[in-house]
Structures are given as structure tokens and as C-alpha cells.
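Numbering (the working numbering), first residue to last: -9 to 426.
Ideal placement from N, C-alpha and C gives every residue a C-beta, glycine not left out.
Computed from a prediction, not measured in an experiment: that's the story for all the values here.
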RNA sequence: GCGAGUAUAGCUCAGUUGGUUAGAGCGCCUGACUGUGACUCAGGAGGUCGCCGGUUCAAGCCCGGUUAUUCGCCCCA
């Protein structure tokens, strides 16, 4: 029976597998990616921060920029009952920086490394790989202006991608300079495309003029043609920015990160300075990136803190899972170690106690609670993917033994019950090693 | 926000120019098998044809609206 309700537009339920379709929304896949992320982040020293699902809308306007698409049309905002204008967070960096300042997190030593797993919300047109509620994995390295910081974020992200099975994502990096460079370059762009702009609508002209750098990643053929012959932003970089960028590239090369310099990467948010980057994978839909990030040296100051150079990355969890699915990379489901089978009614309470003992020993144990017959219990054992069925009936109880069946190989053996835990531990270890 | 396609069983999909009681495969349940799953065979359950309205003697099929989804534009994760 189907409910008349469905998940709101652009949102998804994440439910236990196996599902026949939409496999990316199976819980175990999310748990796998999230735990790999936390473990890689921790290897680099990043500690988790959790911020609220919504913030005062002003935080995002101030940080992302009024003209950015996120702020101008994708904000999921509303008035609360206290007449506060709030927004569900569209990205993780600004809230993390707000919390960083609010709690003086940087006062215990610099630099600060934070990571997070966030719900994010963008009120856009949903589609494959584009959702109104999306999930981002993020890392922020706060308080270092060193090119090593930029490189560390990129290297850690690459490392993480590898860890989940995305072997060679394309790494695109660019340098967009500081405010003076962008102001200067904006003028260059505007004068270069003067003819094109004259043909545009008032609205379009205004939008493009507000942030001309954004024109660089256009897909509009006419605008592309108009941009033909435009000098690159890197030609206008200060010596400082140029040196910084060269050093970042050098460190990436030393660390065997296969990146390409793509002058078209400009990013949609105003707070970026110098280094920006994206990872893409050909398996994902056209124009969809796996992650995006960069340096944001001015952001913290803008939020009221003292100047604090920082760099970070936001990774799209849904897109990672889509990519893994396209590549046919299997993510193993968690399997219970044993399913206890009561062969006779007499055995039920005995089996209950055995379950308790095995759980104390940290085994994952399932058993029948509906007095079903032995055949149904085996069927259930198979369905939940148990490694072993442990059968207890009158014979076993009489002899203080257990019968163990390996459900994958159908091999069956018998043991004294006192040896069961140790036998399981050793055998499961062997299986795990064989699988790796 | 604009344009186009799709919506039938838990899943993937058939369903003729509008015409009796809407089908298949997979999955699920039961039995063959009263101490053995995954394989085989037999049977069974499960549908207000997304939702609301209209046209018609008659609508899964035609028309309008609506909701969701996919693709393109836009943009990003």
C-alpha cells in the first residue's frame, strides 16, 4: 500500500539495501563513504565540526556574495516564528567559519583543521546529481597562507577519492588572484566582450557585468566566441600570487597528483582568492563536478575576525556515489556473523542465551523471534547475508554442542559450544583476510 | 526560473484505432522437503493504472490541471 505522500521535491530517502534501483540511496553505501572520509580526514589531522542546519541568512549573503547564484536564486530561506530571516545552509564553509570565530577555535593553536559531513540545501531545479537537499563532505584548513596548505587539501581530497575507489579523478586547478587582480581583469574582460554585451538583455548585461570573471566558464557559444583571444587571468597575477600558484603546482607534482591547469575554473562564490580547484570524473554527467574548493583568505575577516588565510574543499556525496555506481564499484553490505537457528521449540530459550553471550563477545548475531520453522529460519539467515548458521536442537543440547553451517560453502561442522566463540573469531578473521 | 519527455504490482516494463475481469519477468509468501537457505518444480498474495477534474454509452489509453522524476538551458556539489 502506497502512501499518498512522497519525499519533497529534490530530496531523497536513504534506506537499507538491497534496492533494485537507485542504489546510491542505500544506507550502507553512505556509511562506507562517510567512514572512509572521516578516516582519511583524521589521518591528516582534521577533526569533525557539526554546525546547525540553518543560519541567519545574512551569513551566507555576506560570505558567498550577493551576486552569486547561490544567494541570488538558490537559497532555501524562510522567516521563523520570531521573525528571523534564516536559510538552510547552502554550503558548509561559512557556518564552519562562523563557529570557528564564535568559539575562538583558532585560539588554541594555529593552523586549525576542521572537517564535516553536512546536509546542504539549494533551491534549484533538481535532476540527476542535482538535489535540493544534498550532502557535502568538507575539509577546512584555517590559518595558513602557505602553498603547502592548498596542496594538502587537494592531496587529502585525492587520497580520499582513491580510498573509496575513484582511482583517477581529473584535478583542475587555477589561480584567480586577489581583489586587485580580479578588478583589473574584470575590466579587461568587459572591454573585450563589449560588442557581445551590447546585444544582451538589460538583465543579462547587468548580471555579467557584476561579476565578469564568471563569464569564463560559460557554455554559451556566442559568448565563448566573444571571449576568443582574451588573455588569461594568470597574465594579470601579482608576483606574489604567481609564485604561490607555481609552488602549489610544484608540490602537487612532487606528490604525484595528476592535475591540469584550467583557466576556466573560476568558482561561483565571491570569497575565493588565488587557488581554486575542482575534481571531475568522466563517468559523471556533463558539467557536474565531484568537488570544488579553494583558498579564501578574506572570508574570516569579512565575518568579523582578524585576517586569517584559509583553504578548503566541499565534496558532493551524492555525486561520489553516482560515480561509483557508474563505474560498477561494489560496496559490500554489512553481514551479520551468525544467524542462530532453533531446530526445536525446546531450543529457543537456549538459543536466546547463546545470542546474548555471543553479542557480549562482540559478534553480530541475529535470530528468529516469530517461532518460525527451521526452513524459514535458514531462509532468513540467507536473506540477511549471515556468514554462518549455528543450529541448536535437542541433540546439540544433550551433547552441549553446536552445529555450524557456512552459508556460502554449505560446509557443516560440529563443535562443543564452549569453543564456538573462539572458532568464530578465527574463522571470520580468515574470511576477512581472504577477501582482502 | 524556461523548454521537452516520462509516471501501470516491491523492482524492470508490456498493454492494439478508447471496448468485458489490466499482464509478464524478477522479488515476496506457501508447498514438494515434519533438522537445512541460496538452485529446481507447483501454487498464491499483491494494482483506486501518480493525483484532481473533463470528454464519452464506455478512459490505463483522449483533453486540462497538478505533483514527482529524467533530459536540455542556467548553475553548481
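When rounded, the separation of the alpha-carbon atoms in residue 72 and residue 240 is 52 Å. Assigned with DSSP and collapsed to three states, residue 141 falls in helix.
Residue 78: member of the beta strand (DSSP E) spanning 75 to 78, first to last residue. Excluding its 5 nearest sequence neighbours in each direction, residue 128 has C-beta neighbours in its own chain below 6 Å: 82, 106 and 304, listed in chain order. Under the DSSP assignment, residue 66 falls in the beta strand (DSSP E) whose first and last residues are 66 to 69.
Excluding its 5 nearest sequence neighbours in each direction, residue -1 has C-beta neighbours in its own chain below 7 Å: 116 and 122, listed in chain order. For residue 47, the uninterrupted alpha helix (DSSP H) run begins and ends at 47 to 54, by DSSP. Taking C-alpha positions only, residue 273 is separated from residue 316 by approximately 6 Å.
Per DSSP, the continuous alpha helix (DSSP H) segment holding residue 423 begins and ends at 410 to 425. Distances from the CA of residue 295 to each of 35, 27 and 132 were compared; the closest alpha carbon is that of 132. In the three-state reduction of the DSSP assignment, residue 403 falls in the strand class.
One alpha carbon belongs to residue 69, the other to residue 226, and they sit about 43 Å apart. Per the coordinates, the alpha-carbon of residue 258 lies some 37 Å from the alpha-carbon of residue 323. Take the alpha-carbon of residue 297 and the one of residue 422: they are about 50 Å apart. Secondary structure of residue 166 (DSSP, three-state): coil. In the DSSP secondary-structure assignment, residue 129 is bridged to 105 and 303. Residue 293: not part of any beta strand (DSSP E); DSSP gives it neither H nor E. Put simply, of 282, 91, 92 and 79 the residue whose alpha carbon is nearest the alpha carbon of residue 111 is 79. In its chain, beyond the 5 residues on either side, 254 and 256 have a beta carbon closer than 6 Å to the beta carbon of residue 206. Across the structure, residue 269 and residue 144 are spaced so that their CA atoms are roughly 9 Å apart. Residue burial is scored here from C-beta neighbours: residue 260 has at least 16 other C-beta atoms within 10 angstroms and is therefore classed as buried. Looking only at 280, 371, 373 and 31, the smallest Cα-Cα distance to residue 161 is reached by 280. Here residue 214 is exposed. Its C-beta has fewer than 16 other C-beta atoms within 10 Å. Setting aside the 5 residues that flank it on each side, residue 403 is surrounded in the same chain by 394, each with a C-beta closer than 6 Å to its C-beta; the list follows chain order.
Taking 7 Å as the cut-off, the Cβ atoms of residue 238 and residue 101 do not count as close. For residue 382, the enclosing beta strand (DSSP E) starts and ends at 378 to 382. In this chain, residue 328 is not harboured by any alpha helix (DSSP H); it is covered by the beta strand (DSSP E) spanning 328 to 332. Counting only residues of its own chain and dropping the five nearest sequence neighbours on each side, residue 390 has a CB closer than 7 Å to the CB of 406 and 407. The three-state reading of DSSP puts residue 240 in helix, counting H, G and I together. Going by DSSP, residue 368 is part of the alpha helix (DSSP H) stretching over 364 to 373. Excluding the 5 residues flanking it on each side, residue 333 has same chain C-beta neighbours closer than 7 Å at 364, 381, 382 and 383, in chain order. Contact between residue 278 and residue 309 holds, since their C-beta atoms are separated by about 6 Å, short of 8 Å. In the DSSP assignment, the residues bridged to residue 110 are 124. When the beta-carbon positions are compared, residue 290 and residue 87 come within less than 7 Å of each other.
Take residue 9, set aside five residues on each side of it, and the residues of its chain with a beta-carbon closer than 8 Å to its own are 15 and 16, in chain order.
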